[in-house]
Structures are given as C-alpha cells and as structure tokens.
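Each remark here refers to the structure printed beneath this line.
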Amino acid sequence: MNRFAQLLDSLAYEPSRNNKLRLLADYFRVTPDPERGFALAAMTGALSFAHAKASLIRALIAERTDPVLFAMSYDYVGDLSETVALLWPAPQTERRNIAAPSLSDVVHGLQQADKKELPQLLASWLDDLDETGRWALLKLITGALRIGVSQRLAKTAVAALGGKEPNEIEEVWHGLVPPYLDLFAWVEGREDRPKALDPAPFRTPMLAHALDEADFDKLDPADFSAEWKWDGIRVQACVGTDEEGRRVARLYSRTGEDLSKSFPDLMEMLCEPHFGDATIDGELLVLIERQVQSFSTLQQRLNRKSVSPKLVMQYPAHIRAYDLLAEDGEDLRELSFVDRRARLESFITRLGHPRLDLSPDVPFDSWEALAQARHDPASVGAQDETEAIEGIMLKRRDSIYVPGRPKGLWFKWKRDPFNVDAVLMYAQRGHGRRSSFYSDFTFGVWKGAELVPVGKAYFGFTDAELKELDKYIRNHTRNRFGPVRELDFSTEQGLVLEIAFEGLARSTRHKSGLAMRFPRISRIRWDKPARDADLISTLEGLLEQGLRRSPPKGLGD
1 MNRFAQLLDS
11 LAYEPSRNNK
21 LRLLADYFRV
31 TPDPERGFAL
41 AAMTGALSFA
51 HAKASLIRAL
61 IAERTDPVLF
71 AMSYDYVGDL
81 SETVALLWPA
91 PQTERRNIAA
101 PSLSDVVHGL
111 QQADKKELPQ
121 LLASWLDDLD
131 ETGRWALLKL
141 ITGALRIGVS
151 QRLAKTAVAA
161 LGGKEPNEIE
171 EVWHGLVPPY
181 LDLFAWVEGR
191 EDRPKALDPA
201 PFRTPMLAHA
211 LDEADFDKLD
221 PADFSAEWKW
231 DGIRVQACVG
241 TDEEGRRVAR
251 LYSRTGEDLS
261 KSFPDLMEML
271 CEPHFGDATI
281 DGELLVLIER
291 QVQSFSTLQQ
301 RLNRKSVSPK
311 LVMQYPAHIR
321 AYDLLAEDGE
331 DLRELSFVDR
341 RARLESFITR
351 LGHPRLDLSP
361 DVPFDSWEAL
371 AQARHDPASV
381 GAQDETEAIE
391 GIMLKRRDSI
401 YVPGRPKGLW
411 FKWKRDPFNV
421 DAVLMYAQRG
431 HGRRSSFYSD
441 FTFGVWKGAE
451 LVPVGKAYFG
461 FTDAELKELD
471 KYIRNHTRNR
481 FGPVRELDFS
491 TEQGLVLEIA
501 FEGLARSTRH
511 KSGLAMRFPR
521 ISRIRWDKPA
531 RDADLISTLE
541 GLLEQGLRRS
551 PPKGLGD
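Okay, so the sequence shown: first residue is 1 according to the numbering used here, each after it adds one.
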C-alpha cells in the first residue's frame with residue numbers, strides 16, 4: 001500500500017503528462033502482480049466496494065476527534081480524505097510495529113468484509129499507515145483519486161511496458177478483470193494476447209478534436225462528411241451470440257458502463273431476433289412525438305436504479321445512430337467511414353424500428369455553407385429539432401474507426417455559446433489540487449431588486465485568475481454556511497462574471513426557475529458594476545425565443 005500511496009502522491013503533484021507517464025510505467029515495471037493490477041484498476045475506475053462509503057469515514061473520524069476541530073479542518077483543507085489522513089490520531093503503542101497492509105490486502109478486505117466488520121478493519125489499516133498511506137487508502141475507498149490520470153494515460157503506460165500501442169490495450173480491455181494478470185503477461189511477452197470471449201463487447205469509441213477556425217485553411221471540404229452533434233449521451237448498442245447460441249445484448253455508455261437495466265425499452269428492441277448481431281455507435285435521446293427533447297428531459301431517464309413503466313412511457317428512449325462497428329460477426333472498423341455509413345443506412349432501413357434512426361447528413365459544398373448550417377440548422381432540414389443540436393460533426397470520408405482521439409480524422413464544431421453577465425453569490429472550495437482555493441462558484445441575475453441563482457461554474461479561468469478570485473472571496477465574505485461562503489452583493493457592490501453556456505431549461509430545483517447547460521466563466525468583469533448585470537427576463541426571453549443565436553461571422557473574421 002505504501003508504494004501505491006507514493007505513486008499517487010507523486011502523480012498528484014506532477015503537472016507534466018510525459019512525467020506522469022514515466023512515473024506510471026516505472027511503477028508497473030517494478031511492482032509485482034497482483035499489486036500493479038489492482039493499482040491499474042484503481043486508476044481506471046474498475047474497483048468498487050459495496051459497503052465502504054464516505055459516511056463510514058466520517059463516522060470513524062467523529063469517534064476520534066472533536067467535531068468542531070474536524071469541521072474547521074475540513075473547511076480549510078477542502079478534501080475529506082486529506083483531512084481525515086491528517087487528523088487521524090497516532091496508533092496505540094502495541095500497533096506501531098505492525099506492517100502496513102498491501103494494496104491487494106486492502107482490496108480483498110474491502111470486497112470480502114461485511115458491513116459490521118468493515119469499521120474495525122478500516123480503523124486498523126488507518127492505524128498502521130502513515131499520513132500519505134492513509135490519504136491513498138481513503139482516496140481508494142471514495143473512488144475520487146483526482147491525480148490527473150485518465151484511463152487512456154494509464155493504459156498507455158501499460159502498453160509502454162512491451163512496446164505496444166495504446167489502441168492494442170483498448171482492444172482487449174473490456175474482456176479483462178482486475179488484477180489483469182493475463183494483460184501484463186501478454187504485454188511482457190510471457191503469454192499470448194488475451195482472448196475476447198464476450199459476444200457483445202464494448203468497443204472503445206472514436207472521439208473528435210475541437211475544430212479551430214485556423215483548421216479550415218488546412219482542410220478540404222470535399223474530404224469530409226458532416227452530421228449533427230446531438231445533445232444527448234453517446235452510447236453503444238451491442239448484440240452478439242455466445243458459444244451456446246444464446247443472444248447477448250447490452251447498452252453501454254461512452255466509458256463502457258453497462259446501462260442495460262436502465263433502458264428496458266431499448267433492450268426490448270436489441271433482443272428482437274431480426275435485430276441480428278451488430279454494434280451501433282449512436283446518441284441516446286428522448287423522442288416525444290418524433291421530436292428530440294432537451295437534455296434536461298433525458299436526465300429523467302439517467303442514473304435510475306429502477307425504471308417504472310410510467311417513466312418509460314413518459315420519456316421514451318431512442319438511439320440516433322452515427323456508425324456501425326460490427327455486423328454478423330464482421331468487424332467493420334477497418335472500412336472507410338463512407339462504407340460503414342452505407343452499411344448503417346442499409347441496416348436501419350432493413351430493421352425499420354421506431355426506436356432507432358439515422359443521424360442525417362448535413363449537406364454542404366463549402367466551409368461558408370457549413371457555417372450557415374451550423375448557425376441555422378432549420379435551414380438545412382433540422383426543423384423543430386434545432387435546439388437539440390449542439391453543433392456539427394466533421395468526419396473524413398476515408399477515415400477508419402480508431403479508438404481514442406486520433407488527429408485529423410474527426411472534428412466537432414460546436415455552436416457558439418450564449419453569454420450573460422451574472423453576479424458572484426456563493427463560493428465553495430474545490431477538490432484535488434484546488435482544495436486550497438475557492439473554485440466552485442454560484443452566480444445569479446437580477447429579478448427586480450433580488451439576485452436569483454441561475455447556475456454554477458467550476459472552470460473557464462486560468463490559475464492566475466483563480467488566485468485573484470480566491471483573494472476576492474476571502475475579502476468579501478458576508479456569511480459562512482459550512483464549507484460555503486456567501487459574498488457581499490447588492491446593486492452597489494459585487495463581482496460580475498461573464499458566463500458562457502450552451503442552453504437553458506425550465507427547472508423546479510432552482511429559485512430562478514431556470515437551469516443552464518454547461519456554464520463556464522468566460523471573463524471576469526472587474527470593470528462592471530453589479531447593478532449592470534443581466535436580468536432574469538433576459539434569460540426568459542432567450543428561452544421563449546428558442547435561444548436564437550446572432551448571425552454567424554464570416555470564417556476568418
């Protein structure tokens with residue numbers, strides 16, 4: 001456990017991607033099985049523990065420290081794991097010579113201990129570890145490592161052990177389980193490549209790069225196809241037949257999470273015999289009367305442990321297909337996008353199911369024409385679904401389907417965001433490397449003489465701007481509510497933030513009655529008085545007008 005803790009500590013303070021990669025590769029190279037496999041599982045989110053929760057950690061520290069001291073410390077540190085690791089009292093004398101648990105000891109213990117045994121077991125580990133070890137243990141339990149390591153980076157480090165490409169790891173990943181003994185044996189040349197036995201495997205999706213206006217000078221419109229970027233969630237619908245002839249169907253999120261139980265209406269479609277064996281890459285949406293609904297409507301179906309027939313009827317799920325990755329046992333990913341698209345069109349036409357349709361092409365013959373379509377989707381056939389469109393997807397016509405985010409093949413060109421000037425109302429400490437700064441901001445607009453909250457933002461500012469915001473918050477606090485600070489604001493004082501956002505929806509959970517989609521801070525308006533911030537009527541007007549955007553600027557303007 002100590003070696004794993006040292007790795008996490010080093011990664012948390014290392015800003016360079018290449019140096020993080022080196023740290024990971026070195027760790028995997030010198031650490032034996034199964035320790036390195038469980039470390040890999042922790043960093044890729046493959047570990048979960050039924051009874052080990054943050055509430056257990058809070059209960060244990062409450063038995064050992066003064067609650068006021070803990071509250072003050074947690075408010076200052078801003079991270080539960082770090083606070084408890086620092087406050088945990090020194091062990092009794094008779095435990096000081098007991099060896100610290102290994103990572104595999106911890107994983108097996110958390111998986112096997114029942115709810116009654118776990119408090120004593122966790123307390124004994126915390127007694128036996130130093131501060132860094134305690135911090136790593138608690139991070140492992142909460143699942144919030146926050147060390148700046150993505151799944152892709154961890155897999156890249158594993159690939160480096162045997163001179164393999166990261167995509168080779170991706171290809172076998174979803175048929176493996178921790179501690180990945182077969183994976184490391186293959187990478188190090190001791191065994192053959194692991195066999196994929198899952199008849200309906202998740203295939204790592206191909207992702208797009210954001211399109212910059214400077215890219216247009218390097219790209220030829222004739223080389224690309226365009227389609228809408230829909231405001232839902234990316235999914236894979238996978239159907240296959242196992243060795244005993246049984247059909248297996250699953251619905252995956254873009255990260256490989258199995259969503260099947262949450263969408264019985266879609267699973268009914270996938271399990272129909274004439275669907276065949278296929279893997280479809282598409283967008284999960286809610287369609288009512290053949291019209292795509294807002295993302296806030298889709299959220300009524302997300303993260304549900306149980307799904308009632310009434311919910312299915314009120315919010316019918318739908319897949320809008322982008323790509324066909326496999327059909328009847330044939331892997332289609334090596335085909336060009338144009339060829340895969342033709343196969344997909346044929347598949348959907350043959351199936352003819354109301355819960356599955358094709359994401360339409362966006363016609364264009366120049367970048368200027370595409371810019372106009374992006375600004376006004378209705379002008380090229382989007383009709384009443386305009387507000388469900390986030391932007392444009394550009395795909396090279398000759399592109400094969402490559403896991404990850406390859407350069408130069410696919411681009412996303414999102415519609416220009418809306419902007420509003422709002423007043424900073426509340427602030428809360430961040431997490432991870434931001435735990436010492438106030439970096440979670442709630443902002444509002446004027447409703448008469450009152451400010452009403454309309455959203456929260458966590459990003460959009462530089463590190464230098466974060467320090468300025470943190471200083472402002474500390475110097476302009478009016479009240480404290482636990483970890484939250486209420487700031488001084490009125491028509492005569494307050495800090496105005498220019499907020500960019502992608503959309504608006506009605507919300508009964510917010511006092512303003514509105515909720516923003518993807519808000520972020522685009523500018524700090526130190527120069528603007530709080531009384532000049534926008535009114536709630538401005539946002540209401542945007543919503544009533546269908547969030548119409550200003551006409552597009554010419555490319556290169």
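Cβ coordinates follow ideal geometry from the N, Cα and C atoms, glycine included.
Residues near residue i by beta carbon distance below 7 Å, same chain, minus five either side
i	result
residue 192	186
residue 250	200, 238, 258, 260
residue 133	1, 2, 5, 100
residue 89	64
residue 98	128
For residue i, the first and last residue of its enclosing beta strand (DSSP E)
i	result
residue 383	That residue, residue 383, is in no beta strand (DSSP E); it is neither H nor E in DSSP.
residue 507	Neither: residue 507 is in no beta strand (DSSP E) and is coded neither H nor E.
residue 318	317-327
residue 421	418-429
residue 582	The first residue shown for the chain is 1 and the last is 557, placing residue 582 beyond what the model contains.
residue 236	233-241
residue 308	Element bounds for residue 308: n/a, residue is neither H nor E.
residue 228	224-230
Residue i burial status per 10 Å Cβ neighbour count (16 or more: buried)
i	result
residue 156	buried
residue 116	exposed
residue 7	buried
residue 554	Because the pLDDT at residue 554 is just 49, under 50, the model does not fix this residue reliably, and the value given afterwards should be weighed accordingly. Exposed.
residue 13	exposed
residue 398	exposed
residue 468	exposed
residue 534	buried
residue 69	exposed
residue 273	exposed
residue 341	buried
residue 420	buried
Integer-rounded CB distance, given that residue j should sit under 8 Å from residue i
i	j	result
residue 175	residue 196	4 Å
residue 500	residue 406	Contact flag wrong, Cβ pair sits at about 28 Å.
residue 486	residue 478	5 Å
residue 43	residue 154	5 Å
residue 277	residue 329	6 Å
residue 451	residue 425	6 Å
residue 234	residue 262	About 15 Å separates the two Cβ atoms, so there is no contact after all.
residue 49	residue 179	No, residue 49 and residue 179 are not in contact; Cβ-Cβ is about 15 Å, not under 8 Å.
residue 280	residue 333	13 Å between Cβ atoms; not a contact.
residue 359	residue 502	So it is not a contact: roughly 19 Å between Cβ atoms.
residue 292	residue 284	Actually they do not touch by this definition, with Cβ atoms about 11 Å apart.
Nearest to residue i (by Cα), restricted to the options the options
i	options	result
residue 211	3, 410, 373	410
residue 365	300, 301, 223	223
residue 229	147, 522, 131, 412	412
residue 394	171, 209, 483, 344	209
residue 461	441, 322, 448, 47	441
residue 427	495, 112, 190	495
residue 352	339, 379, 321, 373	321
residue 105	85, 72, 128, 89	128
residue 584	367, 346, 363	Beyond the ends of the chain as shown, which are 1 and 557, falls residue 584; an answer cannot be given.
residue 267	307, 381, 294, 290	307
residue 527	73, 123, 53, 423	423
residue 91	131, 103, 111	131
residue 439	456, 45, 445	456
Endpoints, the alpha helix (DSSP H) within which residue i is located
i	result
residue 559	Any question about residue 559 goes unanswered here, given that the chain covers just 1 to 557.
residue 544	536-544
residue 111	103-112
residue 125	118-128
residue 1	Element bounds for residue 1: n/a, residue is neither H nor E.
residue 152	151-161
Nonlocal neighbours in the same chain, by C-beta distance under 6 Å from residue i, ignoring five residues either side
i	result
residue 403	167, 170, 204
residue 82	135
residue 140	42
residue 150	none
residue 36	28
residue 447	536
residue 390	229, 231, 414
residue 206	401, 402
Beta-carbon contacts of residue i that lie in its chain and below 8 Å, excluding the five residues immediately before and after
i	result
residue 492	529, 530, 531
residue 18	none
residue 119	56, 59, 60
residue 488	476, 477, 478, 494
residue 189	162
residue 511	452, 453
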